[in-house]
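Okay, structure first, notes after.
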Ligand SMILES: Cc1ncc(COP(=O)(O)O)c(C=O)c1O
């Protein structure tokens with residue numbers, strides 16, 4: 001195993017001790033091992049983390065990370081916003097601010113959300129340190145140890161890590177090309193309720209899902225909402241990719257259908273730049289108050305400098321045009337990936353994303369996506385194994401491929417290399433039999449999300 005577990009008792013044999021004591025004595029690497037809180041049991045480094053460090057070398061085509069292509073942002077535009085933040089608005093930009101975020105910036109956020117059919121009041125918006133922190137704050141105010149979070153299977157690795165860190169159990173609900181399957185949701189809820197398990201919320205990524213790439217239909221959005229209403233289950237709608245559509249506009253947000261039972265999360269990471277670390281939550285009033293208090297206790301106030309830079313950018317630039325630029329760029333990359341897969345690996349099942357960053361690729365029977373990764377990195381291509389996206393360590397039969405960062409040419413090369421690895425793996429299986437691979441270590445399957453920073 002390449003990674004370690006905080007409470008797993010990582011030990012190393014002392015070179016002289018066995019001779020001195022006559023026993024196989026171990027030295028603990030971490031002298032504070034017995035002092036950590038129980039919840040740190042959920043904080044484990046990914047077993048593939050070390051491989052990802054290798055995969056970030058320039059000769060490797062990384063189809064693993066979810067890094068937006070920020071070079072597409074015009075430099076002058078950023079310089080203008082930075083100049084204002086360091087001159088005329090300097091006093092405000094360099095100072096602490098409100099725990100809820102700058103009021104005018106929250107108005108601008110409402111304008112962005114209106115593009116997704118959401119009509120909201122700035123009072124109900126809280127600015128956060130990326131939507132990642134928004135997931136954390138919502139988890140902090142709702143999750144007790146042993147609670148259940150429902151999530152699509154697969155689901156975003158970064159959120160799975162958060163739910164786990166609050167000692168909640170993520171129960172996956174299957175999805176298909178139209179998103180979460182309502183009947184499966186009904187059955188899962190019935191099973192959990194019969195077992196007396198408290199379900200706190202449904203975490204869903206309805207648009208251009210990470211990692212599955214699919215979008216929930218409007219019919220299903222209504223149905224899912226109706227099911228959750230009936231069972232008094234909150235919906236946590238995480239929508240960082242919604243404006244990055246390619247061929248047709250996705251259905252309006254679930255939050256557009258209901259203001260009381262849905263907490264909505266948005267982000268500037270994909271439509272502007274993740275380096276600012278700015279996301280936002282729109283929540284029903286009482287929940288919003290608790291989120292503000294939790295935010296203040298976590299960070300005092302979200303970055304005022306970043307809020308002012310983005311606010312100035314929104315006020316003085318054609319940000320809708322910039323989103324169009326991103327959409328065109330990512331559409332070309334999506335096309336490059338789908339075409340290369342059609343050509344190189346035509347028999348493997350894959351999703352056809354109409355937006356966002358990801359394709360979810362099924363592997364032939366008997367393959368293990370995590371075991372295959374070292375071979376892929378050796379061939380100078382990286383992907384994220386499907387196991388990262390399931391709390392229970394399943395997903396060996398899939399991989400996530402990102403098309404957001406590499407150029408279309410690099411994508412072509414990357415898929416060619418991947419095809420070589422898959423064909424070679426297939427030859428080995430054909431020659432030596434399709435015996436099942438060793439089971440995945442479920443204890444360490446969910447990790448913090450280094451893959452998305454590649
Ligand atoms: C579904 C989803 N939610 C949340 C995040 C975190 O984004 P942010 O940069 O806003 O924290 C990501 C990042 O990749 C994501 O894909």
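Residue numbers (this note's numbering): 1 to 454.
Beta carbons are placed, not taken as given, at the ideal position from N, Cα and C, and that holds for glycine.
Neighbourhood of residue i by C-beta distance below 7 Å, restricted to the same chain and skipping five residues each side
i, result
"residue 255", "118, 237, 262, 264 and 282"
"residue 399", "361, 363, 369, 383, 384, 385 and 386"
"residue 23", "Low local confidence applies: a pLDDT of 43 at residue 23 is under 50, so the model's placement there is unreliable, with the coordinate-based value given in what follows. So no residue of the chain qualifies."
Cβ separation of residue i and residue j, assumed to be a contact under 8 Å, to the nearest whole Å
i, j, result
"residue 203", "residue 259", "Going by Cβ atoms, the distance from residue 203 to residue 259 rounds to 19 Å, so no, they are not a contact pair."
"residue 309", "residue 168", "No, residue 309 and residue 168 are not in contact; Cβ-Cβ is about 35 Å, not under 8 Å."
"residue 350", "residue 360", "7 Å"
"residue 511", "residue 337", "Nothing can be reported for residue 511, as the shown portion of the chain is limited to 1 through 454."
"residue 182", "residue 227", "6 Å"
Proximity below 8 Å, CB of residue i to CB of residue j
i, j, result
"residue 99", "residue 295", "yes"
"residue 67", "residue 405", "yes"
"residue 375", "residue 59", "no"
"residue 332", "residue 408", "yes"
"residue 219", "residue 180", "no"
"residue 417", "residue 61", "yes"
"residue 208", "residue 215", "yes"
"residue 211", "residue 154", "yes"
"residue 139", "residue 39", "no"
"residue 354", "residue 222", "no"
"residue 185", "residue 225", "no"
"residue 101", "residue 127", "yes"
"residue 317", "residue 77", "yes"
"residue 108", "residue 314", "yes"
"residue 419", "residue 344", "yes"
"residue 92", "residue 253", "no"
"residue 171", "residue 148", "yes"
"residue 403", "residue 357", "yes"
"residue 137", "residue 291", "yes"
Given residue i as reference, the closest of the options once Cα atoms are compared
i, options, result
"residue 401", "242, 139 and 412", "412"
"residue 397", "367, 375 and 383", "367"
"residue 199", "177, 206, 207 and 234", "234"
"residue 365", "154, 65 and 425", "425"
"residue 327", "382, 314, 244 and 344", "244"
"residue 141", "124, 278, 297 and 188", "297"
"residue 145", "157, 136, 290 and 163", "163"
"residue 150", "414, 403 and 390", "390"
"residue 271", "210, 73 and 305", "73"
"residue 54", "307, 377 and 422", "377"
"residue 177", "299, 213 and 191", "213"
"residue 422", "358, 347 and 410", "347"
"residue 95", "301, 432, 324 and 341", "301"
"residue 103", "321, 311, 143 and 322", "311"
"residue 320", "113, 44 and 79", "113"
"residue 69", "80, 427 and 323", "323"
Sequence-distant residues of its chain with Cβ nearer than 8 Å to residue i (five each side left out)
i, result
"residue 387", "369, 370, 393, 394, 395, 396, 440 and 445"
"residue 130", "267, 269, 274, 277, 278 and 279"
"residue 21", "A caution first: residue 21 carries a pLDDT of 44, below 50, which makes its placement in the model too unreliable to give a value."
"residue 250", "206, 207, 208, 215, 242, 354 and 355"
"residue 196", "none"
"residue 305", "85, 93 and 94"
"residue 246", "327, 330, 331, 334, 353, 354 and 355"
"residue 71", "none"
"residue 143", "149, 163, 166, 167, 168 and 200"
Near ligand 2: residue i beta-carbon under 7 Å from a heavy atom
i, result
"residue 212", "Ligands displayed in this structure: ligand 1; ligand 2 is not among them."
Sequence-distant residues of the same chain with beta carbon closer than 6 Å to residue i, five excluded per side
i, result
"residue 110", "120 and 122"
"residue 284", "260"
"residue 106", "122 and 125"
"residue 231", "189"
"residue 410", "61"
"residue 89", "308"
Neighbour flag for residue i against chain B, beta carbons, 8 Å
i, result
"residue 126", "The structure shown contains no chain B; it is built from a single protein chain."
Inset, instruction - Please write down, chain order preserved, every residue whose beta carbon lies under 6 Å from a heavy atom of ligand 1. - result: 66, 130, 131, 132, 156, 158, 205, 210, 238, 240, 267, 269, 274, 279 and 452
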